[in-house]
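**Q** Sharing a structure with you now.
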Amino acid sequence: MANFEAYQEYQRIDDFEEDSPPGEEDLLVHVPEGLSGYDKTKTLDSVFLNSNIHIYQFHQKNGFACMMLSEFFELFQFLFVVTFTTFLFNCVEYDILFANRAVNHTGPGQNPLDRNKVSLPDAILPSQQCTERIQENSWIIFLLIMATIFWVYRMIKVFCNILSYWEIRQFYIKALKISMDELCNFTWQEVQDRLISLQREQQMCIHKKELTELDIYHRILRFKNYMVAMVNKSLLPVQLQLPLLGNLVFLTQGLKYNFELILFWGPGSLFQNKWNLHPKYKRAGNRLELAQQLSRVILLLGVANLLLCPFILVWQVLYAFFSYTEVIRREPGSLGARRWSMFGRLYLRHFNELDHELHGRLGRGYKPISKYMNSFTSPLLTVLAKNVAFFSGSVLAVLIALTVYDEDVLTVQHILTAITVLGVVITITRSFIPDEHMVWCPEQLLQCVLAHIHYMPDHWRGNANKSETRDEVAQLFQYKAVGEKGQTVNRDCSLAAA
Amino acid sequence: MANFEAYQEYQRIDDFEEDSPPGEEDLLVHVPEGLSGYDKTKTLDSVFLNSNIHIYQFHQKNGFACMMLSEFFELFQFLFVVTFTTFLFNCVEYDILFANRAVNHTGPGQNPLDRNKVSLPDAILPSQQCTERIQENSWIIFLLIMATIFWVYRMIKVFCNILSYWEIRQFYIKALKISMDELCNFTWQEVQDRLISLQREQQMCIHKKELTELDIYHRILRFKNYMVAMVNKSLLPVQLQLPLLGNLVFLTQGLKYNFELILFWGPGSLFQNKWNLHPKYKRAGNRLELAQQLSRVILLLGVANLLLCPFILVWQVLYAFFSYTEVIRREPGSLGARRWSMFGRLYLRHFNELDHELHGRLGRGYKPISKYMNSFTSPLLTVLAKNVAFFSGSVLAVLIALTVYDEDVLTVQHILTAITVLGVVITITRSFIPDEHMVWCPEQLLQCVLAHIHYMPDHWRGNANKSETRDEVAQLFQYKAVGEKGQTVNRDCSLAAA
Amino acid sequence: MANFEAYQEYQRIDDFEEDSPPGEEDLLVHVPEGLSGYDKTKTLDSVFLNSNIHIYQFHQKNGFACMMLSEFFELFQFLFVVTFTTFLFNCVEYDILFANRAVNHTGPGQNPLDRNKVSLPDAILPSQQCTERIQENSWIIFLLIMATIFWVYRMIKVFCNILSYWEIRQFYIKALKISMDELCNFTWQEVQDRLISLQREQQMCIHKKELTELDIYHRILRFKNYMVAMVNKSLLPVQLQLPLLGNLVFLTQGLKYNFELILFWGPGSLFQNKWNLHPKYKRAGNRLELAQQLSRVILLLGVANLLLCPFILVWQVLYAFFSYTEVIRREPGSLGARRWSMFGRLYLRHFNELDHELHGRLGRGYKPISKYMNSFTSPLLTVLAKNVAFFSGSVLAVLIALTVYDEDVLTVQHILTAITVLGVVITITRSFIPDEHMVWCPEQLLQCVLAHIHYMPDHWRGNANKSETRDEVAQLFQYKAVGEKGQTVNRDCSLAAA
């Protein structure tokens with residue numbers, strides 16, 4: 174029953190927003206003689222068919238140099254993580270680093286009074302010994318081969334991307350007359366105006382004489398609008414009812430990627446050419462068959478996810494370790510930072526709202542919603558945190574006093590570790606203890622949030638101080654750490670079952 | 174003369190606020206049949222006689238679990254401080270920690286190339302040697318016995334408290350229908366409404382048919398209102414005229430405790446049953462005799478304070494060391510933080526203002542008053558601070574440069590201590606140097622403060638930039654550190670002389 | 174042609190603001206009998222002729238004690254930097270500090286089990302050896318002699334200053350009836366009112382009966398107003414057109430000092446008695462000759478600057494090292510802090526605006542202009558910074574993990590250095606990565622800035638997001654670090670050529 178209703182809603186959306194304007198299938202690009210010295214037909218064609226969206230992204234990502242650099246660095250990061258990890262696991266003599274074994278530097282020409290200093294190269298194995306160790310371990314070799322294959326695939330893709338960026342760069346320079354140096358001075362509004370006036374002059378896109386702002390928005394946001402609609406109508410299985418944890422929202426980058434693969438641009442998806450809905454989906458008779466076909470695609474994708482899972486897990490653990498260890502050491506409070514959740518970003522998005530508009534709107538709401546979430550403190554946790562802080566602080570106080578009196582204490586094993594760990598523990602616990610001068614005014618804060626996110630169900634009104642309201646807001650505004658950890662979790666089963 | 178005037182004022186207050194409503198002495202609690210399965214008569218009786226105030230505190234302290242946990246942790250903190258201190262003084266071999274004496278690990282099975290690492294257990298004496306040391310020192314044994322007696326007394330009291338919390342918990346659940354999980358969602362306003370409607374339905378408290386908000390406020394704030402009145406009329410000896418330091422306000426937690434003991438609920442106090450004024454205080458003829466009796470009580474309390482002083486001092490020094498050493502290390506700037514002083518909290522309190530209302534009001538005023546106080550900087554201190562910072566910074570710069578060049582410098586004795594101490598010195602001095610871009614607008618800030626604290630004598634108006642105004646504000650808004658150190662000072666003499 | 178126009182403008186300024194009121198040349202100070210017990214004639218004379226400006230500075234610098242202390246500390250800082258540097262270069266045995274050579278403490282009475290601790294005195298040479306080393310090095314001796322000469326000159330000047338401060342102090346106490354304790358309670362407005370009423374009563378300054386606020390402002394700001402006019406009319410060569418860097422503003426403390434020396438109070442300057450324009454500059458016939466004479470003065474000053482350059486450079490490098498190393502270590506982010514530039518302070522100054530008024534106005538504009546400047550981020554730099562932060566963070570993560578596991582890793586050479594350096598690198602790179610929740614609203618921020626600085630050329634309006642606008646704002650609001658480094662650069666050539 175619920176499914177049927179949802180289906181009817183789906184139909185209505187379909188009717189309301191015309192899938193593709195009549196005649197757009199047989200586009201023809203007509204380029205006047207004005208733009209010489211550059212293969213216009215090809216460029217304009219590809220630009221206008223696939224990629225108003227690319228023009229937009231090119232502007233948002235600040236032009237060719239930035240995009241190219243990002244892509245190269247991404248490649249290099251992967252290479253670095255793989256080789257550095259391999260190096261750490263195979264080529265370091267940890268016994269020497271940890272001073273469990275002394276280094277013997279004594280040679281004939283050395284003064285016996287000189288101290289025996291251990292330097293970093295002493296702890297690194299010679300490269301020959303190192304390669305031997307790697308060759309002995311078949312697991313590592315297997316992982317390295319997998320990584321190489323993935324890396325080569327990525328490299329080819331990066332190469333293709335860069336070619337297409339180059340075309341868009343030429344389009345900006347030749348057609349829109351915007352040089353790369355000036356790009357950062359142009360707002361998207363201004364770029365769009367140039368695009369529209371270009372169309373008026375040169376009729377690049379034949380099926381329509383006048384290109385309006387709405388046309389451009391529609392092209393850029395084609396799939397985004399579908400996603401927003403599906404999330405608002407709860408058609409995607411992102412809200413789970415778990416026995417103990419209650420109503421939970423689960424939507425990670427990975428899951429979103431999978432959804433988009435299935436629906437929009439994967440093999441066997443509902444759309445063709447990254448633009449038009451397959452004609453067969455428009456006939457009511459095919460429905461059952463197509464549903465089975467889609468279910469098969471989802472199952473296959475689930476299996477693929479399951480197989481790739483261990484590799485992705487290893488990669489994400491390594492990447493998180495390299496990225497966040499230092500952050501946690503420096504400011505452990507960042508563990509408690511929140512950001513708009515993936516779900517919130519879709520749920521709160523308006524139809525036809527571009528990325529930078531959404532980003533600006535949610536950015537303006539960030540401060541009040543952070544304050545709102547932070548103004549809730551669990552009293553039980555506060556009592557616990559205060560006491561843990563006291564006990565850790567006591568031990569730390571003694572260690573600090575001893576160290577100030579004579580810093581040789583630090584050479585005793587694990588004293589430094591203890592100081593570091595206690596310091597981190599105290600910083601974390603302190604973040605749970607609310608400021609004694611905090612003013613508690615959830616109702617006003619929630620009003621401020623509303624002013625920017627434009628969403629407030631009736632049962633929030635007057636209940637801003639209730640924990641239920643807080644939990645619902647938390648679905649939109651998630652812990653950063655959760656958002657990132659959550660990505661490693663596998664969701665194949667639920668996908669296959671959907 | 175002044176005394177007589179004060180006395181007349183006192184009489185007027187007495188007349189104005191009727192001490193106890195007629196007939197309240199012979200209360201009777203009538204419980205209907207509706208509340209079954211729980212000994213209502215007893216609970217409701219105790220709840221309604223002594224402790225509208227307990228219902229309020231139970232709500233403010235977030236329910237049974239939090240209160241119980243707090244009490245247990247308090248017991249445990251005492252235990253921890255005592256045992257940890259005893260352990261540190263008797264069971265640690267500091268010579269080994271400070272590397273004045275080497276540890277001899279050499280055994281037959283050891284590789285001579287292995288480094289001799291000192292681990293923490295090496296520096297801890299075996300338990301037998303440890304107990305011997307303690308048994309030799311009779312002072313420590315005496316202190317330990319005192320501590321044990323105090324701890325057992327505390328434990329019994331905690332046990333009684335928990336029983337009474339349990340009763341209030343039952344009252345919340347059975348009578349007010351508020352489960353403990355939901356408690357944090359209820360504001361005190363809502364709890365109070367339930368209390369009033371409960372009275373309307375079930376007539377728990379017989380002498381009055383309708384219970385109003387004012388009745389409840391009066392019950393909760395009975396003693397607080399008296400204190401506020403006495404502070405406002407300057408009846409309590411909290412303002413001292415010292416020869417050099419000028420007008421000083423001295424009101425610590427300990428002094429307030431003593432005042433309350435004398436006036437409200439100690440043995441020989443003015444009130445009986447923690448509620449009614451003794452009838453004998455109402456007859457004018459007794460006045461001289463009663464004054465002598467009170468003076469005797471105060472003298473006795475002063476002597477008791479004097480005797481307990483060394484123990485309290487030792488405890489407070491230890492507690493402060495364990496609590497604040499780490500804070501000072503981490504952010505020495507917190508030494509300069511201020512908070513509303515005990516005196517300010519009483520002086521600025523309205524009659525019939527509950528704790529959370531006062532807290533919210535002063536909390537809203539915290540930011541402007543902090544800014545106001547911080548905008549005053551002593552120019553002389555600034556010059557000194559800048560130069561101390563420069564000289565410490567110079568030495569530190571050299572040490573840092575040497576360390577970065579070769580970190581073996583750190584193994585030289587006292588270098589690390591020097592770096593730490595210089596770092597702390599610089600942070601402290603920097604806090605005395607005002608920001609060069611600070612905007613100086615004391616008049617506006619004081620207006621903002623006024624908006625929340627609702628108090629501003631005429632001679633402040635237009636003189637916000639004067640140092641006298643600043644000093645008077647400082648009486649209400651004290652250094653945190655002073656507030657906490659001040660508690661250790663003994664006030665027996667002034668008490669006895671009062 | 175341009176020169177002629179500039180000259181005409183100069184003439185108009187000259188005409189507009191009467192150089193000195195008629196009759197002021199032959200001032201006479203008349204002191205009534207009322208002020209007894211203090212040599213009024215001399216004091217009031219010097220006070221009123223040269224130094225309304227001194228009265229103002231005395232108030233702004235918070236009175237005698239602060240000014241004296243500042244002067245003494247400045248002397249002492251110089252002494253300290255010179256001796257400490259000499260000490261560091263000649264009297265420290267770095268081999269022992271860096272543990273390249275072991276210390277031999279072994280004596281007959283020593284326990285062989287005792288560790289060999291290196292203490293700081295071990296690394297310091299005995300004073301005899303130290304002086305020998307210094308005597309061998311003739312360069313150091315030369316520098317020391319130069320420093321001594323400069324120091325003695327400074328000391329004499331400080332002594333003179335203090336004498337004049339003392340006179341002003343007496344003037345404040347005796348004539349204005351403001352004691353030094355109360356000085357900080359007086360605003361300049363109030364001091365000025367007293368000055369005016371004093372004149373009304375006692376006719377200290379004869380050529381004018383009534384002294385108005387404007388008179389006092391004119392006296393204090395005589396030279397400042399000229400400087401402001403010259404900067405606004407672009408008469409001073411502070412804006413350079415460099416081939417690669419574009420339009421650059423170069424105005425340092427040193428250059429400003431040179432300008433003032435040439436124009437106002439150096440030998441051969443345009444003004445006599447620090448107050449009146451030389452009469453010869455008023456005759457048009459002398460113009461060519463005077464211009465040549467001025468050009469000669471400038472050339473001489475340029476040569477003097479060139480000769481003193483190496484000494485000033487050495488001093489500034491040393492001073493910067495001692496002052497900023499520790500700051501950079503503690504908060505490397507302060508490298509990116511900005512302040513109103515010297516040029517901005519002159520360009521944005523109103524005529525007849527006192528220092529504290531300008532300071533307050535620019536201080537109020539500090540926050541919005543900082544936000545405005547910080548809201549610009551170079552996308553390319555962001556990509557680079559993110560990746561540098563990732564790679565440094567990865568290595569740091571491994572080092573932290575190793576250290577937490579076993580802190581003996583720290584004894585390996587250069588590990589601690591690596592941790593420190595990587596930490597600083599990461600902090601610096603992080604400061605280039607914009608906050609992801611930042612809201613971009615340059616237009617509003619620039620409006621806020623305008624409200625305080627009262628300056629906005631037409632081409633900024635509506636172009637607040639353009640990088641050209643940002644660059645122009647940056648001329649007024651410079652990196653602190655640049656402002657301080659820039660001072661070391663020599664500008665003789667451009668000066669001589671001017």
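Protein chains in written order, with the working numbering: chain W, 174 to 671; chain H, 174 to 671; chain V, 174 to 671.
Don't be surprised by glycine CBs; every beta carbon is placed ideally from N, CA and C.
1) Following the continuous alpha helix (DSSP H) through Q489 (chain W), name the residue where it begins and the one where it ends.
2) By the criterion of Cβ-Cβ separation under 7 Å, what are the contact partners of S514 (chain V) in chain H?
3) Secondary structure at V411 (chain W), three-state DSSP: helix, strand or coil?
4) Quick one: complete alpha helix (DSSP H) runs, 4+ long, within the region 577-622 of chain V?
5) Smallest Cα separation from I346 (chain W): which of W:L371, W:R456, W:P615?
6) Expressed to the nearest angstrom, what Euclidean distance is found between the alpha-carbon atoms of R712 (chain W) and L589 (chain H)?
7) Tell me the DSSP secondary structure of F444 (chain W) in three-state form.
8) If we ignore side chains and look at the alpha-carbon of each, how far apart do I314 (chain H) and E305 (chain H) end up?
9) Just checking my contact of N420 (chain V) with Q414 (chain V) at CB under 8 Å: how many whole Å lie between their CB atoms?
10) Any residues in the region 415-442 of chain H with a beta carbon nearer than 7 Å to a beta carbon of chain V? Which ones, in chain order?
11) Of the residues W:Y430, W:L649, W:N459, which one's Cα is nearest the Cα of L623 (chain W)?
12) Assuming contact is defined by CB atoms lying nearer than 7 Å, are I592 (chain V) and L572 (chain V) in contact in what I supplied?
13) Can you tell me whether DSSP reads Y652 (chain H) as helix, strand or coil?
14) Verify the CB distance criterion: does G566 (chain V) have a CB-CB separation below 7 Å to chain W?
15) Ends of the beta strand (DSSP E) at L417 (chain H)?
16) What are the residues of the region 489-511 of chain H that lie near chain W, defined by any Cβ-Cβ distance shorter than 7 Å?
17) Would you say the beta carbon of C303 (chain H) is closer than 6 Å to some non-hydrogen atom of the ligand PLP?
18) Please compile the residues from chain W whose C-beta is within a distance smaller than 8 Å of the C-beta of L253 (chain H).
19) Does the beta-carbon distance from S442 (chain V) to L436 (chain V) come in below 7 Å?
20) When DSSP labels each residue in this structure, what does T431 (chain V) get in the three-state scheme?
21) I'd like the list of long-range same chain contacts for A320 (chain V), defined as Cβ closer than 8 Å, with 5 residues on each side in sequence excluded.
22) Any idea if C333 (chain H) is buried or exposed, counting beta-carbon neighbours within 10 angstroms, 16 or more meaning buried?
23) From S496 (chain W) to N431 (chain W), what does the alpha carbon distance come to, in whole angstroms?
24) Taking A493 (chain W) as the reference, which of V:N638, V:L583, V:F563 has the closest Cα?
25) Closest to Y338 (chain H) by C-alpha separation, out of H:S468, H:T602, H:L508, H:Y229, would be which residue?
26) Taking the alpha carbon of L261 (chain W) as the point to measure from, which residue in V:R534, V:S567, V:C357, V:V401 has its own alpha carbon closest?
27) With three or more C-beta pairs closer than 8 Å as the rule, is the region 597-615 of chain W touching the region 549-565 of chain W?
28) Mind listing which residues of the region 291-314 of chain H have their C-beta closer than 9 Å to chain W's C-betas, in chain order?
29) Rounded to the nearest angstrom, what separates S640 (chain W) and N358 (chain H) at their Cα positions?
30) Taking the alpha helix (DSSP H) that R456 (chain W) belongs to, which residues open and close that run?
31) Given that T125 (chain W) touches chain V, what residues does it touch there, using C-beta distances under 8 Å?
32) Which value, in whole angstroms, describes the spacing of the CA atoms of I626 (chain W) and L521 (chain W)?
33) Restricting to runs no shorter than 4 residues, where is the alpha helix (DSSP H) found entirely within the region 625-649 of chain V?
34) What residues in the region 615-641 of chain V have a beta carbon less than 9 Å from any beta carbon of chain H?
35) For L450 (chain H), does the three-state DSSP call read helix, strand or coil?
36) Take L508 (chain H) and list the residues in its own chain whose beta-carbon comes closer than 6 Å to its own, dropping the five residues that flank it on each side.
**A** Put simply:
1) 460-503
2) The contacting residues do not exist; S514 (chain V) stays about 14 Å from chain H at best.
3) coil
4) 588-603
5) W:L371
6) Lying outside 174 to 671, the shown extent of chain W, residue 712 (chain W) is not represented and no answer is given.
7) strand
8) 12 Å
9) 6 Å
10) none
11) W:L649
12) yes
13) strand
14) yes
15) Taken as a continuous stretch (DSSP letters only), L417 (chain H) belongs to no beta strand (DSSP E), as it is neither H nor E.
16) F494, F495, S496, T498, E499, R502
17) Of the ligands one can find in the structure shown there are none, so the ligand PLP has no counterpart to examine.
18) First, the residue type needs correcting, since residue 253 (chain H) is Phe and not Leu in the sequence shown. Simply F564, S567.
19) yes
20) What sits at residue 431 (chain V) in the sequence shown is Asn, not Thr. Three-state DSSP puts N431 (chain V) in a helix.
21) F251, V255
22) exposed
23) 25 Å
24) V:F563
25) H:Y229
26) V:S567
27) yes
28) V291, S292, L293, D295, A296
29) 6 Å
30) No alpha helix (DSSP H) holds R456 (chain W); DSSP gives it neither H nor E.
31) Outside the displayed range of chain W (174 to 671) lies residue 125 (chain W), so it cannot be described from this structure.
32) 6 Å
33) 640-649
34) none
35) strand
36) A654
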